[in-house]
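**Q** Next up is a structure, given as structure tokens.
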Amino acid sequence: MLYKNVECYVDDLVVKSKKREDHLHDLKKIFERLKRYQLKMNPSKCAFGVTSRKFLGFIVCRRGIEIEQAKIDAILRIPEPQNIHELKSLQRKLTYLRRFISNLAGRCQPFSHLMKKDVLFEWDEACEKAFQP
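When we follow the UniProt record's numbering, the leftmost residue of the sequence shown carries the number 1, and every step to the right adds one.
Have a look at this one:
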């Protein structure tokens, strides 16, 4: 473990301090660890003392983790699926955002019969209702 106030994913780090006045201390601890193991940071990818930041495609802020509005808008612009491939593509995109959509599995239930092998793709009223935001 790097430090209690750090989130790490592959080569990305977020140092999150509960209080603004603790942030320099938390950063110092991380820098000491990085130096000890001879790890380097890319200055062009660093931002210090910010209250929100894009991380792994999401916005991390004081309120928690949020979705970028552009991603929401992109999904809302997706046209109604016309075939199984388009439906699978839609479901992959929704799965990426599943933690932000309550009861996603229940909402997508009408699509499940279309995903079965050798089933004719017929977009019915239940699918249309589930597709609406």
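Every residue, glycine too, gets a C-beta built ideally from N, C-alpha and C. For clarity, every value in this text was computed on a predicted model and none was experimentally measured.
Compute the Euclidean distance between the alpha carbons of residue 76 and residue 33, then round it to the nearest angstrom.
**A** As a position in the sequence shown, residue 76 is number 76, starting the count at 1. As a position in the sequence shown, residue 33 is number 33, starting the count at 1. Whole-angstrom Cα-Cα distance: 43 Å.
**Q** Grab the span of the beta strand (DSSP E) containing residue 12 for me, first residue to last.
**A** As a first step, residue 12 must be located in the sequence shown, where it is residue number 12. Its beta strand (DSSP E) spans residues 12-15.
**Q** Answer yes if the segment 8-24 comes into contact with the segment 49-69, meaning at least three C-beta pairs across the two stretches below 8 Å, and no otherwise.
**A** Segments in contact, yes.
**Q** By how many angstroms is the C-alpha of residue 23 removed from the C-alpha of residue 39?
**A** Residue mapping note: residue 39 aligns to position 39 of the sequence shown, counting from 1. Residue mapping note: residue 23 aligns to position 23 of the sequence shown, counting from 1. Spanning the two alpha carbons is a distance of roughly 20 Å.
**Q** With which residues is residue 66 paired in a DSSP beta bridge?
**A** On the sequence shown, position 66 is the one that residue 66 refers to. Bridge partners of residue 66: 59.
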